[in-house]
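Colleague: One structure follows; several queries about it will come next.
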Amino acid sequence: MNGIIRWGDPVSAVLEDGELLVQQTKNSDRTPLVSVLLEGPPNSGKTALAAKISEDSQFPFIKICSPDKMIGHSEIAKCQAIKKIFEDAYKSQLSCVVVDDIERLLDYVPIGPRFSNLVLQALLVLLKKPPPKLLIIGTTSRKDVLQEMEMLDAFSTTIHIPNISRGEQLVEALELLGSFQENERSKIAKAVKGQSLWIGIKKLLMLIEMAVQVRKRCCFLSLFEGNSPPLWVRSV
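Be aware that the sequence shown starts at 1, since it is given in full-length UniProt numbering, and climbs by one per residue.
In structure tokens, the structure reads:
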């Protein structure tokens, strides 16, 4: 596990906002139910950030509701599993539920499109039911889809999770990860200087690992440039 890579101010801002929501859940009598949607492009680290916020809350009850744990479930079985997670949360005076990858949880597919209305309605009810001090953290790569489903309004607030978009952010991530020697990072920094990028932290980690396996800086740069479209899109 790499943990959270603080490659720039956007990551720190998300974690700070998350801490504020944790404190609101703990201390506010007027808003016993606090819900936040972390939305952003695929591979931008939404799940890791949601897990970090929930872990740092140190709430006595923390549960992640993930589509990976419901593979093969029927719609009814999935609804029952989701309902049980929330019912268990209601038993605690302070709890956090992460609803990860909501569009996958809803079996959404863009061709059609189709989704599970049964699961959608169950989530809409649970997202609005005020139990004793519950923080709900949702994640999605398709904010537009949730908007069409009239689900965005079920969340108290929305936080955007961006991709790495500048060369200096990429270099900062490489330095924090320590995957290359200093002279190699300097050469990479020179290659990406003045470039506008667009790459998720998870995709970057994969490219770094591929390059490290063959121990070649040039391999990393070629992998970086070889994407379609390229991961740097224009000079600034």
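Don't be surprised by glycine CBs; every beta carbon is placed ideally from N, CA and C.
Quick caveat: nothing in here was measured; it's all calculated off a predicted structure.
Whole beta strand (DSSP E) runs in the stretch 111-187 with 3 or more residues, listed along the chain?
Modeller: Complete beta strand (DSSP E) runs here, min 3: 134-140, 157-160 and 164-166.
Colleague: Less than 8 Å between C-beta atoms, sequence neighbours within five positions excluded: which residues of the same chain meet that for Thr140?
Modeller: Along the sequence shown, read from residue 1 onward, the residue named residue 140 stands at position 140. Contacts found: Leu37, Leu38, Glu39, Lys46, Asp101, Ile102, Glu103 and Leu146.
Colleague: Can you name, in chain order, every residue of its own chain whose Cβ lies under 6 Å from the Cβ of Pro130, other than the five neighbours on each side?
Modeller: Counting from one through the sequence shown, the residue named residue 130 turns up at place 130. So the list reads Pro32 and Leu33, once near-sequence residues are dropped.
Colleague: Looking only at its chain, what residues have a beta carbon closer than 6 Å to the beta carbon of Val125, apart from the 5 residues adjacent to it on each side?
Modeller: Mapped onto the sequence shown, residue 125 falls at position 125. Cβ within range, chain order: n/a, list empty.
Colleague: Just the C-alpha distance for Ser156 and Asn183, rounded to the nearest angstrom, thanks.
Modeller: Taking the sequence shown and counting its residues from 1, one reaches residue 156 at position 156. Taking the sequence shown and counting its residues from 1, one reaches residue 183 at position 183. Distance between the alpha carbons of Ser156 and Asn183 is about 46 Å.
Colleague: Of all the options Arg166, Gln169, Leu120 and Val192, which has the alpha carbon lying nearest to the alpha carbon of Glu148?
Modeller: Against the sequence shown, residue 148 aligns to sequence position 148. It is Leu120 whose Cα lies nearest to the Cα of Glu148.
Colleague: Can you give the Cα-Cα distance for Ser222 and Leu174, rounded to whole angstroms?
Modeller: Here residue 222 refers to the residue found at position 222 when the sequence shown is read from its first residue. Here residue 174 refers to the residue found at position 174 when the sequence shown is read from its first residue. Near 16 Å, if we compare the C-alpha coordinates of Leu174 and Ser222.
Colleague: If we ignore side chains and look at the alpha-carbon of each, how far apart do Ser235 and Ile199 end up?
Modeller: Within the sequence shown, numbered from 1, the residue matching residue 235 stands at position 235. Within the sequence shown, numbered from 1, the residue matching residue 199 stands at position 199. A caution first: Ser235 carries a pLDDT of 38, below 50, which makes its placement in the model unreliable, though a value can still be read off. Whole-angstrom Cα-Cα distance: 15 Å.
Colleague: Inspect the CB distances between the stretch 73-84 and the stretch 185-195 and report whether three or more fall short of 8 Å.
Modeller: no
Colleague: Quick check on Phe86: does DSSP put it in helix, strand or coil?
Modeller: Working through the sequence shown from its first residue, we reach residue 86 at position 86. Here Phe86 sits in helix by DSSP.
Colleague: Below 8 Å, how does it come out for the stretch 49-67 and the stretch 15-31: are there three or more Cβ pairs, yes or no?
Modeller: yes
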